[in-house]
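Q:
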Amino acid sequence: MRSKFLKQLAAITAGGLLVLGLGASGAQAKTDLLVYTAIEADELAKFKKAFEGDYPDVNIKWVRDSTGIMTSKLMAEKNNPKADIVWGLAATSLMKLSNEGYFQGYAPKGIEKLGKLYYDQKNNPPQWVGQRAWIASVCFNTVEAGKYKLPLPTSWADLTKPVYKGHVIMPNPNSSGTGFLDVSSWMQLMGEDNAWKFMDALHVNISRYTHSGSAPCKLAASGEVPVGISFAYRGAKSKSGGAPIEVIAPSEGVGWDLESFAIVKNTKNLAAARMLADWSVSAKAMKIYNEEYAVVAMPGIAKPVKNFPPGILEKMIQNDFAWAAKNQDRILNKWRDKYDAKSDPKK
Amino acid sequence: MTGTATLAPALSGLAVKEKVSREDWIMRGILLAIALFLTVSILLPLYFLMSKGFQDKDGTFTGLANFTEFFSTPALFYSIQNSLVITLWTSGIVLILAFTFAYGLTRSCMPFKSLFKGIALVPILMPSLLPAISLVYFFGKQGVITSWLFGYEIYGPIGIVMGEIIYVFPHAMTIMLIAMAMSDARLYEASEALGASKLKTFFTVTLPGMRYGLVSAFFVTFTLVITDFGVPKVLGGKYNVLATDVYKQVVGRQDFEMGAVVSMVLLVPAVLAFFADRLVQRKQVAMLSTRAVPYVPKPSRGFDMAMLGFCGLVGFIILAILGMAFFASFVKFWPYDLTLGLKNYQFDLMDGGGWASYFNSIELASWTAVVGTVMIFIGAYLVEKSNGFQAGRSAMQFLCIMPMAVPGLVLGLAYIFFFNHPDNPLGFLYHTMPILVICTVTHFYTVAHLTAVTALKQMDPEFESVSASLKVPFYKTFRRVTVPVCVPAILDISMYLFVNAMTTVSAVVFLYSPDTTLASVAVLNMDDAGDTAPAAAMGMMIVITAAGVRLIHSLLTRSLARRTQAWRKR
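Chains as they are written, first to last, in the working numbering: chain A, 291 to 637; chain B, 27 to 596.
1. Could you tell me which residues DSSP puts in a beta bridge with residue 351 (chain A)?
2. Which complete alpha helix (DSSP H) runs does the region 348-414 of chain A hold, if anything under 4 residues is left out?
3. Secondary structure at residue 46 (chain B), three-state DSSP: helix, strand or coil?
4. With DSSP collapsed to three states, give me the class of residue 350 (chain B).
5. Step through the CB atoms of chain A and report whether any lies within less than 7 Å of the CB of residue 263 (chain B).
6. Quick one: is residue 173 (chain B) buried, meaning 16 or more other Cβ sit within 10 Å of its Cβ, or exposed?
7. The region 89-106 of chain B: which residues have C-beta closer than 7 Å to a C-beta of chain A, in chain order?
8. In the structure shown, what three-state DSSP assignment does residue 554 (chain A) receive?
9. Does residue 508 (chain A) get closer than 7 Å to chain B when you measure Cβ to Cβ?
10. With a cut-off of 8 Å, do at least 3 Cβ pairs link the region 105-123 of chain B to the region 253-273 of chain B?
11. Does the contact criterion of 3 or more C-beta pairs under 8 Å hold for the region 235-251 of chain B versus the region 118-128 of chain B?
12. Taking contact to mean 3 or more Cβ pairs, one atom from each stretch, closer than 8 Å, check whether the region 83-90 of chain B and the region 160-172 of chain B are in contact.
13. Which value, in whole angstroms, describes the spacing of the CA atoms of residue 603 (chain A) and residue 509 (chain A)?
14. Figure out for me which residue from B:205, B:551, B:54 has the closest Cα to the Cα of residue 406 (chain B).
15. Could you check which residue in A:607, A:329, A:343, A:415 has the C-alpha nearest to that of residue 473 (chain A)?
16. Could you please give the first and the last residue of the uninterrupted beta strand (DSSP E) stretch that includes residue 363 (chain B)?
17. So residue 370 (chain B) packs on residue 153 (chain B), CB below 8 Å; how close in whole Å?
18. Step through the CB atoms of chain A and report whether any lies within less than 7 Å of the CB of residue 401 (chain B).
19. What are the start and end residues of the beta strand (DSSP E) that includes residue 538 (chain A)?
20. Quick one: Cα of residue 512 (chain A) to Cα of residue 360 (chain B), how far?
21. The ligand MG and residue 424 (chain A): does any heavy atom of the ligand fall closer than 6 Å to the residue's C-beta?
22. Select from the region 318-332 of chain A all residues with a C-beta closer than 7 Å to any C-beta belonging to chain B, and list them in chain order.
23. Hey, out of A:328, A:322, A:453, A:324, whose CA is closest to residue 504 (chain A)'s CA?
24. Could you round the C-beta distance between residue 546 (chain A) and residue 609 (chain A) to whole angstroms and report it? I think they count as a contact, below 8 Å.
25. With respect to the beta strand (DSSP E) encompassing residue 358 (chain B), which residues constitute its N-terminal and C-terminal limits?
26. Count the other CB atoms within 10 Å of the CB of residue 408 (chain B); is the residue buried (16 or more) or exposed (fewer)?
27. If residue 576 (chain B) and residue 521 (chain B) are in contact, beta carbons under 8 Å, what's the gap, nearest whole angstrom?
28. Can you give me the C-alpha to C-alpha distance between residue 37 (chain B) and residue 59 (chain B), rounded to a whole angstrom?
29. Touching or not, the region 178-192 of chain B and the region 290-303 of chain B, by the rule of three or more beta carbon pairs under 8 Å?
30. Looking at chain A, is there any beta carbon in it that lies within less than 7 Å of the beta carbon of residue 360 (chain B)?
31. Judging by CA-CA distance, which residue of B:580, B:538, B:319, B:333 is the nearest neighbour of residue 458 (chain B)?
32. Hey, how far is the Cα of residue 523 (chain B) from the Cα of residue 464 (chain B)?
33. Could you name the residues of the same chain whose beta carbon sits closer than 7 Å to that of residue 329 (chain B), not counting the 5 residues immediately before and after it, in chain order?
34. From which residue to which residue does the alpha helix (DSSP H) around residue 100 (chain B) run?
35. By the DSSP assignment, the beta strand (DSSP E) with residue 424 (chain A) in it spans what residues?
36. Could you tell me how far apart the beta carbons of residue 393 (chain A) and residue 421 (chain A) are, in whole angstroms, since I believe they sit closer than 8 Å?
Shown next as structure tokens:
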């Protein structure tokens, strides 16, 4: 009786451990490629399907979060990187990581067809390659604007007017790449001191800072906050989805950054990572990028995207990525000290 | 030769002592195994967390440098202050509401008592994010009754307090119910015979009799609120609290050292409240004498109606919160297109891991329920019923109680430090389903353990003595007597573990991986990305699942009770 009980106990324990262990390992038929990305979640399935259709032996596993979070995560894992390839992350972030020796150079097949501005010119072979640009925009809810009698803003300066007090929402640049490209563009447009003055004034009108760069536009679309500082793709998408919003490109100029990829130095899946790199600069991939984004790295591909603000391409600033990458930490720390504790009554 | 010479007296010394049988060794072996589990799952991680607070990013010891940096940040004082303000307001309001509600259930003759009790427990089935999201639909800028806030904003202290009240109400109410059920009717008779007014009786008999229950409910509310981060995450706006600070430091900035510092600050009030509560509960047990007579309320039309009205209102609010989340999850595009559809349930198009998260959560909850129940019940049995080995048993008892004092966020962070340490041989567990199971079992260990202990204490120790004298091995008694008698408690424990594993966010938010995303974390991530309606939809999936399991539990309890519990009736 006793031995039977003990046997049962042992069997249950062993079985339990086995199943737990199996759950941990999983099947290993294809090459699993661990891809860190900041691309919007609603586009990930599309890219995975298109790529795996062309390379059936590779299985993409996404780890997605906002740009700032992804960058911090990569930094935190510096001594023991987990990702195989970083894909669809801001060029500014990749430059910063590249300076830390995070990546290995690789010239994907067909890179010569890309515009020179769109990939790493400092290293040869390049350590990072741009895919497409995402561009700042303001989402403006016309229904709510009518309720609060808000005029349509046409410039960044407009947003500091008292009439918008409590009606503007923007992403926290510490967590969101969109938030940072806004701050970086304001500094490049206005000069650093004036940009801080501008943000002081804007801060008064901000209802709160969000974690993600798309949240402000989603919240503007649903009328939670009438004016959301976000980016063009999210605005166009919301508008096409039936939201009563105008997508505005402010007159002073708009910030932008490149969604780019880079292969991690010590990846164990180099062949698969290079497959994704090759595929990512192909005309086919560029056409998929263009479905939602108006500016892609290969010239001659892009067609206008529905509901993008008119004239936005002309308003894109001359973006100095190297300056942004170099000054990012300093700017973000100062930003946090000034605005992050918004509960502070003295500020 | 010298070796045997020194051994001999030692051996003879042992022989004098009571003989430790083989069975005792087996019991001690299992007890040690469970103690070892808890050492690995809570003691060591906490130690690693503590030491991390005194190190810089490269792991060199820096003394109090992190603390100095932290305390010199003005934002911190606001966070501490904010956390305290929120917690005290919530506790105050919840105590009054829960007291009145429980009073209605125990001291009036109002109808539908069991229905109201059931409704009051509904928030237990939700992740704390869900009532917060629901409040956005009521009081947000596009809410249906936003004007009821008189121009105040839901994003901030008001919203947090409202959300927390709903989240902790069932916990406070349950404690109040137990405390009220324990009062002695003879005191009321005496009071009436002496001609005291109703009001005077309330202040001289009811309230003093409840004081331990009140204090206990206060501490439980306090701990739950100060460590919860679901509600402030959704409704905090610009209002920072300690719990969201930990999350921001760790997830937002990947600054684990500062995260460790904030979580140690968070640990202080939680631990204090925990010890105060233990102290008070010990006294509560001693209050009720064997001669006490349970209080039976007499009908009183006005009072009963008033209580019915109050409980009806509270019940209505809870159901409205749930109903709103349910409704909003089907609305196509709030507030401009109110037609209904399943668009928000297309989780694969959103952040958070898609439908896989939901199934992962079910897997986690099932494992937690099975593994946790077996381990916790056997552990409680051995602590209660094994012979001798007093030191080991007290140590075990302490280990079992400890998890309750550790907030989930702190536990999760401690796991990162411990299991992701390059030299840890258990490192292979990191980023897997088993680590989530281990963490969740540990996180909810204490309440389950206390439930098991209570059930076991009700059993006469004679069972063990008789079986022992009949030379029946302990595991046979355990299987043939103890387990069947304790079936209701065992089912309660497994349901408690399952429901909590479905709804918890705090610890697992630091531990999930791309393969083990969870439904509750998905609610958080979708809300973060501005996808409020899909977040509500995923929250509803959790509620429906937890409610389904509860239903199965009550059916099982009923049918099993008929088979195994007939002896309880005469």
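Where is the CB? At the ideal position from N, CA and C, for every residue including glycine.
A: Based on what the coordinates show:
1. Here residue 351 (chain A) corresponds to residue number 61 of the first sequence, with the count starting at 1. In DSSP, residue 351 (chain A) forms a bridge with A:324.
2. Taking only runs of at least 4 residues, the alpha helix (DSSP H) segments lying wholly in the region 348-414 of chain A are 357-366, 381-389.
3. Within the second sequence, numbered from 1, the residue matching residue 46 (chain B) stands at position 20. In this structure, residue 46 (chain B) counts as coil in the three-state DSSP scheme.
4. Numbered from its first residue, the second sequence carries residue 350 (chain B) at position 324. Per DSSP, reduced to three states, the secondary structure at residue 350 (chain B) is helical.
5. For the purposes of this step, residue 263 (chain B) is taken as the residue at position 237 of the second sequence. By the rule that beta-carbons nearer than 7 Å mark a contact, residue 263 (chain B) touches chain A.
6. Within the second sequence, the letter at position 147 stands for residue 173 (chain B). With fewer than 16 other Cβ atoms within 10 Å, it is exposed.
7. Legend: CB atoms of the region 89-106 of chain B lying less than 7 Å from CB atoms of chain A belong to residues 100, 101, 104.
8. Your numbering for residue 554 (chain A) matches position 264 in the first sequence. Reduced to three states, the DSSP call for residue 554 (chain A) is strand.
9. Looking up residue 508 (chain A) in the first sequence gives position 218. Interface annotation, residue 508 (chain A): in contact with chain B, CB-CB separation under 7 Å.
10. The count of Cβ pairs closer than 8 Å, one atom from the region 105-123 of chain B and one from the region 253-273 of chain B, reaches three, so the stretches are in contact.
11. Contact between the region 235-251 of chain B and the region 118-128 of chain B is present, because at least three Cβ pairs lie under 8 Å.
12. The region 83-90 of chain B is not in contact with the region 160-172 of chain B.
13. Counting from 1 along the first sequence, the entry for residue 603 (chain A) is found at position 313. Counting from 1 along the first sequence, the entry for residue 509 (chain A) is found at position 219. Straight-line Cα distance between these residues: approximately 25 Å.
14. Taking the first residue of the second sequence as position 1, residue 406 (chain B) is located at position 380. Closest option to residue 406 (chain B), Cα to Cα, is B:54.
15. If you number the first sequence from 1, residue 473 (chain A) lands on position 183. Minimum Cα distance to residue 473 (chain A) is reached at A:607.
16. Counting from one through the second sequence, the residue named residue 363 (chain B) turns up at place 337. From DSSP, the beta strand (DSSP E) with residue 363 (chain B) extends over 363-366.
17. The count along the second sequence starts at 1 and reaches residue 370 (chain B) at position 344. The count along the second sequence starts at 1 and reaches residue 153 (chain B) at position 127. Contact flag wrong, Cβ pair sits at about 16 Å.
18. Here residue 401 (chain B) refers to the residue found at position 375 of the second sequence. Proximity of residue 401 (chain B) to chain A, defined by a Cβ-Cβ separation below 7 Å, is not satisfied.
19. Residue mapping note: residue 538 (chain A) aligns to position 248 of the first sequence, counting from 1. If you look at residue 538 (chain A), you'll find it in the beta strand (DSSP E) that goes 535-538.
20. Taking the first residue of the first sequence as position 1, residue 512 (chain A) is located at position 222. Taking the first residue of the second sequence as position 1, residue 360 (chain B) is located at position 334. Using only the alpha carbons, I get a separation of about 6 Å.
21. Absence of the ligand MG is noted for the structure shown, with no ligands found whatsoever.
22. Considering only beta carbons, the part of the region 318-332 of chain A lying closer than 7 Å to chain B consists of 331, 332, in chain order.
23. Working through the first sequence from its first residue, we reach residue 504 (chain A) at position 214. The option with the nearest alpha carbon to residue 504 (chain A) is A:328.
24. Taking the first residue of the first sequence as 1, we reach residue 546 (chain A) at position 256. Taking the first residue of the first sequence as 1, we reach residue 609 (chain A) at position 319. Approximately 6 Å separates the beta-carbon atoms of residue 546 (chain A) and residue 609 (chain A); this is inside 8 Å, confirming the contact.
25. Here residue 358 (chain B) corresponds to residue number 332 of the second sequence, with the count starting at 1. 357-359 is the span of the beta strand (DSSP E), which, as asked, contains residue 358 (chain B).
26. Stepping through the second sequence from its first residue, residue 408 (chain B) is reached at position 382. So residue 408 (chain B) counts as buried.
27. One-based indexing of the second sequence puts residue 576 (chain B) at position 550. One-based indexing of the second sequence puts residue 521 (chain B) at position 495. About 7 Å separates the Cβ atoms of residue 576 (chain B) and residue 521 (chain B), confirming a contact at the 8 Å cut-off.
28. Taking the first residue of the second sequence as position 1, residue 37 (chain B) is located at position 11. Taking the first residue of the second sequence as position 1, residue 59 (chain B) is located at position 33. Confidence at residue 37 (chain B) is low in this model, with a pLDDT of 47, below 50, so its placement is unreliable and the value that follows should be read with caution. Distance between the alpha carbons of residue 37 (chain B) and residue 59 (chain B): 27 Å.
29. Per the Cβ contact rule, the region 178-192 of chain B is not in contact with the region 290-303 of chain B (fewer than 3 Cβ pairs under 8 Å).
30. Here residue 360 (chain B) refers to the residue found at position 334 of the second sequence. By this cut-off, residue 360 (chain B) is an interface position.
31. Residue mapping note: residue 458 (chain B) aligns to position 432 of the second sequence, counting from 1. Comparing Cα positions, the closest option is B:538.
32. Your numbering for residue 523 (chain B) matches position 497 in the second sequence. Your numbering for residue 464 (chain B) matches position 438 in the second sequence. Straight-line Cα distance between these residues: approximately 12 Å.
33. Position 303 of the second sequence, counted from the start, is the residue given in the question as residue 329 (chain B). Closer than 7 Å at the Cβ level, and outside the excluded window around residue 329 (chain B), lie 134.
34. As a position in the second sequence, residue 100 (chain B) is number 74, starting the count at 1. Segment 100-133, the alpha helix (DSSP H) holding residue 100 (chain B).
35. Position 134 of the first sequence, counted from the start, is the residue given in the question as residue 424 (chain A). Run containing residue 424 (chain A): 419-431, per the beta strand (DSSP E) assignment.
36. The count along the first sequence starts at 1 and reaches residue 393 (chain A) at position 103. The count along the first sequence starts at 1 and reaches residue 421 (chain A) at position 131. Not confirmed; about 15 Å, so no contact.
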